[in-house]
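In our numbering, the protein residues as written are 10 to 188.
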């Protein structure tokens with residue numbers, strides 16, 4: 010079978026991963042334009058009861074409407090361009106990665122938590138784990154051990170980093186610890 014997510018909303022294209030949680034699946038947003046004109050997006054898609062694989066189960070949450078950057082007059086959000094994430098304790102966590110747009114290219118440092126019982130903008134919590142375009146940004150993976158959420162170091166701009174971070178996913182606050 011084939012299910013076209015974009016048939017319900019043309020912005021629902023360009024995902025990098027999907028995370029199953031119970032009977033639902035959550036698609037992680039990356040880019041919605043091909044090379045060389047990469048444009049990151051923040052549309053997380055929930056496919057409810059994915060075993061039915063039916064368009065009636067599609068809903069989305071545009072993280073790009075949250076956390077608008079005042080340096081761009083509030084027109085751009087850095088909550089887009091995620092690589093992967095994990096689910097734990099009724100929440101979906103998305104690790105900060107890379108934002109690309111016309112005239113914009115930077116690694117970001119915002120770790121996102123989405124309450125799966127409140128799949129709306131009010132169910133989103135954001136913790137900054139560092140400063141954009143520094144060694145505490147641009148992660149390429151994440152996982153949990155049930156107590157902490159870990160961010161796997163990747164790159165920031167053209168430099169690789171080795172700084173892994175963790176956060177107590179129970180408290181989910183700014184108590185990010187470099188390891």
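Positions of the beta carbon are idealized from the N, C-alpha and C atoms, including for glycine.
### Query
Within the chosen definition, does the segment 90–106 reach the segment 59–66 through at least 3 CB pairs nearer than 8 Å?
No: fewer than three Cβ pairs fall under 8 Å.
### Close beta carbons around residue 134, own chain, < 6 Å, minus the five adjacent residues each side
Counted from its first residue, the chain shown places residue 134 at position 125. Excluding positions up to five away in sequence, the list reads 122.
#### Entry: Segment limits, beta strand (DSSP E) that includes residue 94
Taking the chain shown and counting its residues from 1, the one referred to as residue 94 is at position 85. Unbroken beta strand (DSSP E) run through residue 94: 94–97.
### Query
Can you tell which of 28, 46, 74 and 42 has its C-alpha closest to the C-alpha of residue 54?
Residue mapping note: residue 54 aligns to position 45 of the chain shown, counting from 1. For the residues 28, 46, 74 and 42, the minimum Cα distance to residue 54 belongs to 28.
### Query
Around the C-beta of residue 35, are 16 or more other C-beta atoms found within 10 angstroms, so that it is buried, or is it exposed?
The residue you call residue 35 lines up with position 26 of the chain shown. Residue 35 is buried by the Cβ-count criterion.
### Query
By a C-beta neighbour count over all protein chains shown, 10 Å radius and 16 as the cutoff for buried, is residue 93 buried or exposed?
Counting from 1 along the chain shown, the entry for residue 93 is found at position 84. By the Cβ neighbour-count rule, residue 93 is buried, with 16 or more other Cβ atoms within 10 Å of its own.
### Query
Is residue 41 buried or exposed, if buried means 16 or more other CB atoms sit within 10 Å of its CB?
One-based indexing of the chain shown puts residue 41 at position 32. Label assigned to residue 41: buried.
### Query
Are the Cβ atoms of residue 13 and residue 52 separated by less than 9 Å?
On the chain shown, position 4 is the one that residue 13 refers to. On the chain shown, position 43 is the one that residue 52 refers to. It is not a contact, given that the beta carbons lie outside the stated cut-off.
### Task
Figure out for me which residue from 101, 151, 149 and 21 has the closest Cα to the Cα of residue 48.
Residue mapping note: residue 48 aligns to position 39 of the chain shown, counting from 1. Restricting attention to 101, 151, 149 and 21, the CA atom closest to the CA of residue 48 is found in 21.
### Query
Within this structure, are the beta carbons of residue 72 and residue 86 separated by less than 9 Å?
For the purposes of this step, residue 72 is taken as the residue at position 63 of the chain shown. For the purposes of this step, residue 86 is taken as the residue at position 77 of the chain shown. Cβ distance < 9 Å, so residue 72 and residue 86 count as in contact.
### Query
Quick one: complete beta strand (DSSP E) runs, 3+ long, within the segment 18–56?
Considered as a whole, the segment 18–56 harbours 24–30, 33–38 and 52–56 as its complete beta strand (DSSP E) runs of no fewer than 3 residues, in chain order.
### Task
Mind reading off the beta-carbon distance from residue 120 to residue 37? Whole number of angstroms is fine, and I expect it under 8 Å.
The sequence position of residue 120 within the chain shown is 111, counting from 1. The sequence position of residue 37 within the chain shown is 28, counting from 1. Not a contact, Cβ separation roughly 14 Å.
### Query
Closest to residue 59 by CA distance: which of 39, 50 and 31 is it?
Residue 59 sits at position 50 when you count from the first residue of the chain shown. Nearest of 39, 50 and 31 to residue 59, Cα basis: 31.
### Message
I'd like to confirm the pairing. Which residues does DSSP put opposite residue 102 in its beta bridges?
### Response
Stepping through the chain shown from its first residue, residue 102 is reached at position 93. In the DSSP secondary-structure assignment, residue 102 is bridged to 95 and 122.
### Query
By a C-beta neighbour count over all protein chains shown, 10 Å radius and 16 as the cutoff for buried, is residue 11 buried or exposed?
The sequence position of residue 11 within the chain shown is 2, counting from 1. Looking at its Cβ environment, which holds fewer than 16 other Cβ atoms inside 10 Å, residue 11 is exposed.
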